[in-house]
Every structure is written in structure tokens, then in C-alpha cells.
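Reading the sequence shown from the start, the letters are residues 2 to 179 in the numbering used here. Where is the CB? At the ideal position from N, CA and C, for every residue including glycine.
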Amino acid sequence: MLNATHTEYVTESGILTLIYDFKKPQELDDFSFAGRRPIVCRGVMRLDPNDTLEHIVRFQNASISGFYSVHHNENFLATTHGPSLAMELGLARFCIRHHGRDLVTGPASPKNGLLSAALTIAPHRTSAVLLGTEISIALETHRVGHVQLLGGRSGRSISALVISGTLDHQWLKGLLAD
């Protein structure tokens, strides 16, 4: 049983949509984490520095959106098998990375506070939107894996998280077999 604020599964398309408003600590039960349990307060989740929060569901393809604080040149949203989204404040740009390589970049002039960002990973195309600017690249991605939220060097605040995508069939078969 998932603990998202809102969960919707469309049988015809196989798409699962999870919305987290981070108003209840139980929502964190949908994530695994190595460090200390993140703090949830008034609709914002706070990750400690260098922590990684990994969603328990594994996806074939996914779209992840929300509001994030970004402090340094670092990845802040990643997947275990697919691309990641990074912000480079010193260069005033954001980029889609895959296996540590910058694939495509776009301009960004972030202001203080939480930034609106989205990463969409489809089988043949990956795109990202940050502060209304969109970048995309043709990229073969056979599966996304688990969605990861990264604490970075200074920690991270995250709110209004939406994860939507097609479930990984092998993961689902294993889950149903248990």
C-alpha cells in the first residue's frame, strides 16, 4: 500500500501517478533512505546533506516534477538507470546528465527559494523544464528504475512532488510473487 497524498493507477495505460504534499510523515514510508529520516513540516520535506531518498516503486518511464531548493553545482533529481537533472549555479545553467556526462544544457537564472523543475524520461526522448525553460534530447532509455531525490552538499527542501509513469513489469511481477 502506497502512502502518497493521492494515488491513481490507470489500468488501460499502466500509468501510476503519485502525488506527495508532504503534510504527513507517513508519506516517507514510500521511500527508502540510508541516513536519517527526512523532516516533513508544512508541506516541505527536508533532506540532510549527502542523503539520497529512493522511491520504492520501479518505473519503465517516468515524469517527475516538484519544487526543489538548489544550492550548488550538483544533481538534485536522478534515477537509478536513467538520466538525472542537475543545476550549475556558477554557469547559470541546468542540464540533463547520463552516466556523468552533460547531454544537453539550458540557461537558468534561479532566485532564492524553491525552483519549479520537471524531468520526463520516455523510451526515446528525455526532457527537462526548469523555471519555464525546456531542454530535451533524443536518448534511448529502456527503463528508469527508481526515482531518487538527492540531498547534495547542503541538504535540500522539496515540496509538491509528483511522480507519474509506467511501472517496470519485472519489478511488478516480483512484487506480486512475494
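C-alpha distance - Thr12 paired with Leu173, whole-angstrom precision: One C-alpha to the other measures close to 14 Å.
Pick helix, strand or coil for Glu28, following the three-state DSSP scheme. DSSP, read as helix, strand or coil, puts Glu28 in helix.
Count the other CB atoms within 10 Å of the CB of Cys96; is the residue buried (16 or more) or exposed (fewer)? Within 10 angstroms of the beta-carbon of Cys96 lie 16 or more other beta-carbons, which makes it buried.
His147 and Arg59: beta carbons closer than 7 Å? Contact: yes.
Going by DSSP in three states, Ala139 sits in which element: helix, strand or coil? In the structure shown, Ala139 sits in a strand (DSSP, three-state: E or B).
Within this structure, are the beta carbons of Ala109 and Leu132 separated by less than 7 Å? The Cβ atoms of Ala109 and Leu132 lie closer than 7 Å to each other.
Following the continuous alpha helix (DSSP H) through His170, name the residue where it begins and the one where it ends. It spans 170–178 - the alpha helix (DSSP H) in which His170 sits, taken as one unbroken run.
Taking only the alpha-carbon atoms, compute the straight-line gap between Thr142 and His72 and give it to the nearest angstrom. Using only the alpha carbons, I get a separation of about 29 Å.
State the start and end residues of the unbroken beta strand (DSSP E) segment that holds Gly44. Bounds of any beta strand (DSSP E) do not take in Gly44, whose DSSP letter is neither H nor E.
On a Cα-Cα basis, can you pick out the residue from Leu90, Thr106, Asn62 that is closest to Glu135? Checked all of Leu90, Thr106, Asn62; the closest Cα to Glu135 is Thr106.
So for Leu90, helix, strand or coil by DSSP? In this structure, Leu90 counts as helix in the three-state DSSP scheme.
Which residue from Pro26, Asp30, Ile164 puts its Cα closest to that of Thr195? Residue 195 lies beyond the stretch modelled for the chain, which goes from 2 to 179, so this question has no answer here.
Cα separation between Leu151 and His56? Cα to Cα, Leu151 sits roughly 12 Å from His56.
Reduced DSSP category for Asn4 - H, G, I as helix; E, B as strand; rest coil: In the structure shown, the three-state DSSP call for Asn4 is coil.
Which partner residues does Glu9 have in the DSSP bridge list? Thr18.
Determine the extent of the beta strand (DSSP E) in which Leu150 is found, giving its start and end residues. Unbroken beta strand (DSSP E) run through Leu150: 146–151.
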